[in-house]
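Numbering (my numbering), first residue to last: -10 to 168.
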């Protein structure tokens, strides 16, 4: 059985309630950064002492702003949205110790998310839970992976949760992070 990893582009293509949309606020912020960087860079032509450390710092800062703005315009101007509520989604990975794999697998396959658990996520681990969740906690997509030498291998297929199930998953994730 082959399973695919959580990827925003894959979710957009596979789940009808997830769409990628253009973020005007992110684009405008990028445009303002681009203009500020260009203004800083162009203001150097009016400076008489071009070898001063202040003019060099302004040139470096202006160049950095222009490069960051271009990056944001092309790669960060889109966001993944849960269409029914219009809520923006975010992706995160939680890592667990290998001893929690059977319990996590059972929770996801049985869809029993209301369990009281003492599991805590770590900074790294042999078990990774990929999560895509809407900010309003009305949609979630998760997939469980186990580290096998050199790569993470999918243990469960991608599971989608909506409504109260997604809220229960969000509460479970919050309990896991608080440890």
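By construction, the Cβ of each residue, glycine as well, lies at the ideal position given by its N, Cα and C atoms.
Pick from the options: whose alpha carbon is nearest that of residue i?
{"i": "residue 16", "options": "149, 127, 64", "result": "64"}
{"i": "residue 133", "options": "86, 74, 154, 127", "result": "86"}
{"i": "residue 114", "options": "94, 101, 82, 124", "result": "82"}
{"i": "residue 157", "options": "91, 52, 131, 140", "result": "131"}
{"i": "residue 155", "options": "140, 101, 146", "result": "101"}
{"i": "residue 119", "options": "126, 79, 51, 107", "result": "79"}
{"i": "residue 166", "options": "110, 56, 53", "result": "110"}
{"i": "residue 108", "options": "40, 123, 92", "result": "92"}
{"i": "residue 112", "options": "53, 84, 45", "result": "84"}
Strictly by DSSP, which residues pair up with residue i?
{"i": "residue 119", "result": "82, 132"}
{"i": "residue 76", "result": "71"}
At what residues does the beta strand (DSSP E) containing residue i begin and finish?
{"i": "residue 141", "result": "140 to 143"}
{"i": "residue 107", "result": "Element bounds for residue 107: n/a, residue is neither H nor E."}
{"i": "residue 148", "result": "148 to 151"}
Taking the alpha-carbon positions, what's the residue i to residue j distance?
{"i": "residue 89", "j": "residue 7", "result": "30 Å"}
{"i": "residue -7", "j": "residue 26", "result": "Low per-residue confidence applies at residue -7: pLDDT is 49, beneath 50, and the placement is therefore not dependable, though the value from the model is reported in the following sentence. Approximately 41 Å between the Cα atoms of the pair."}
{"i": "residue 129", "j": "residue 73", "result": "13 Å"}
{"i": "residue 136", "j": "residue 58", "result": "36 Å"}
{"i": "residue 5", "j": "residue 95", "result": "27 Å"}
{"i": "residue 98", "j": "residue 14", "result": "39 Å"}
Please report the residue range of the alpha helix (DSSP H) in which residue i lies.
{"i": "residue 95", "result": "90 to 99"}
### Task
Mind listing, in chain order, the continuous beta strand (DSSP E) runs of no fewer than 3 residues lying wholly within the region 6 to 70?
7 to 11
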